[in-house]
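Counted from 1, the sequence shown has number 66 at position 66 by full-length UniProt numbering; the numbering is strictly sequential.
The beta carbon of each residue, even a glycine, is placed where N, CA and C say it ideally should be.
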Amino acid sequence: NKMPTPNFDEGTRRRLILGEFQYRRPVFESYKSLCWKIGKDTIPYQEFDFWFHRFAEGKMDLSYDRSLDPKAKELSDMPIEIVDNIVDRLGSVDRLTVRNVSQGLRALIDKRITAIKRISFNIYPDTCSVSIDDAETFYKKSSRRKTSKSSSHKQHVTSIEGPKSIKNSLIHLAHYLKNPNLKLKSLSIEIRKAEEFNDDKLENLEYFFDKFPMFLQSIDH
Numbered sequence: 001n002k003m004p005t006p007n008f009d010e011g012t013r014r015r016l017i018l019g020e021f022q023y024r025r026p027v028f029e030s031y032k033s034l035c036w037k038i039g040k041d042t043i044p045y046q047e048f049d050f051w052f053h054r055f056a057e058g059k060m061d062l063s064y065d066r067s068l069d070p071k072a073k074e075l076s077d078m079p080i081e082i083v084d085n086i087v088d089r090l091g092s093v094d095r096l097t098v099r100n101v102s103q104g105l106r107a108l109i110d111k112r113i114t115a116i117k118r119i120s121f122n123i124y125p126d127t128c129s130v131s132i133d134d135a136e137t138f139y140k141k142s143s144r145r146k147t148s149k150s151s152s153h154k155q156h157v158t159s160i161e162g163p164k165s166i167k168n169s170l171i172h173l174a175h176y177l178k179n180p181n182l183k184l185k186s187l188s189i190e191i192r193k194a195e196e197f198n199d200d201k202l203e204n205l206e207y208f209f210d211k212f213p214m215f216l217q218s219i220d221h
């Protein structure tokens with residue numbers, strides 16, 4: 001069964017945002033970090049961004065009444081050509097986060113997903129990877145969160161390290177496969193470097209085989 005999304009009250013959400021702000025990371029990186037901790041649909045990006053920048057301005061009053069402010073312009077209010085250009089520049093992992101900004105952006109990004117032709121999910125002894133056409137993302141378990149990017153003549157490569165990286169690799173895969181309009185030419189799930197798996201390096205495999213049946217049930221089309 002799917003885990004329910006946590007329902008935090010307004011004051012708790014603001015304290016969670018303040019906690020992330022105190023790490024002094026960029027706003028988007030901070031938002032992704034909080035999504036990893038409490039779930040990606042728990043706090044909308046607009047709310048996170050508003051409070052993060054208030055804290056950056058030294059305004060620490062958690063009881064501030066937002067209804068006093070004029071309605072802010074959103075990314076989805078921009079001309080569609082500009083939004084298209086922004087989405088085109090996002091990597092597959094960043095698109096997962098941007099989907100939470102608004103229903104309009106979610107629809108726009110999900111529409112782009114239908115153009116994907118090839119997806120592969122690879123399990124290695126120390127990491128998992130999700131390959132979406134010419135972009136590949138590696139997920140490796142680590143006590144510290146770290147994201148790095150590189151590119152070659154074939155692929156754009158992102159490496160993500162964190163305590164829930166194996167789980168996040170399946171979330172990444174599910175995001176695409178749950179789209180009912182997706183028309184793939186190929187989907188592959190492979191175990192790589194099988195000769196290097198031993199008793200100390202079975203965590204990825206065990207997690208995958210434990211969670212994959214539930215993962216398949218979550219794809220309802």
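Given a threshold of 16 other Cβ atoms within 10 Å of its Cβ, counted over all protein chains shown, does residue i qualify as buried or as exposed?
i	result
Ile-43	buried
Leu-187	exposed
His-175	buried
Phe-52	buried
Leu-16	buried
Ser-129	buried
Lys-185	exposed
Thr-12	exposed
Leu-173	buried
residue 224	Outside the displayed range of the chain (1 to 221) lies residue 224, so it cannot be described from this structure.
Asn-85	exposed
Ile-189	exposed
Ser-67	exposed
Phe-209	exposed
In three-state DSSP terms, what is residue i?
i	result
Thr-127	coil
Asp-210	helix
Lys-2	With a pLDDT of 44 at Lys-2, under the threshold of 50, the predicted position of this residue should be treated as unreliable, and no value is reported.
Lys-185	coil
Ile-132	strand
Lys-32	helix
Arg-14	helix
Asn-122	strand
Glu-20	helix
Ser-159	strand
Glu-190	strand
Tyr-45	helix
Phe-8	coil
When you compare only the Cα positions, how much space is there between residue i and residue j?
i	j	result
Pro-180	Ile-171	16 Å
Met-60	Phe-8	19 Å
Lys-141	Ser-33	15 Å
Glu-57	Thr-137	35 Å
Glu-206	Met-214	14 Å
Arg-192	Asn-122	6 Å
Lys-2	Gly-19	Per-residue confidence for Lys-2 stands at a pLDDT of 44, beneath the threshold of 50, marking its modelled position as unreliable; the derived number appears in the next sentence. Each residue's Cα considered, the two are about 27 Å apart.
Lys-40	Ile-160	16 Å
Thr-158	Ala-135	8 Å
Lys-117	Leu-177	12 Å
Phe-48	Ile-119	31 Å
residue 237	Asn-168	Beyond the ends of the chain as shown, which are 1 and 221, falls residue 237; an answer cannot be given.
Lys-211	Lys-183	25 Å
Cys-35	Phe-50	16 Å
Thr-127	Pro-26	26 Å
Glu-10	Asp-69	17 Å
Report the CB separation of residue i from residue j in whole angstroms; it is logged as a contact under 8 Å.
i	j	result
Ser-165	Tyr-139	4 Å
Arg-24	Leu-62	With a Cβ gap of about 19 Å, Arg-24 and Leu-62 do not count as contacting.
Do the CB positions of residue i and residue j come within less than 7 Å of each other?
i	j	result
Phe-21	Phe-55	yes
Tyr-31	Tyr-45	yes
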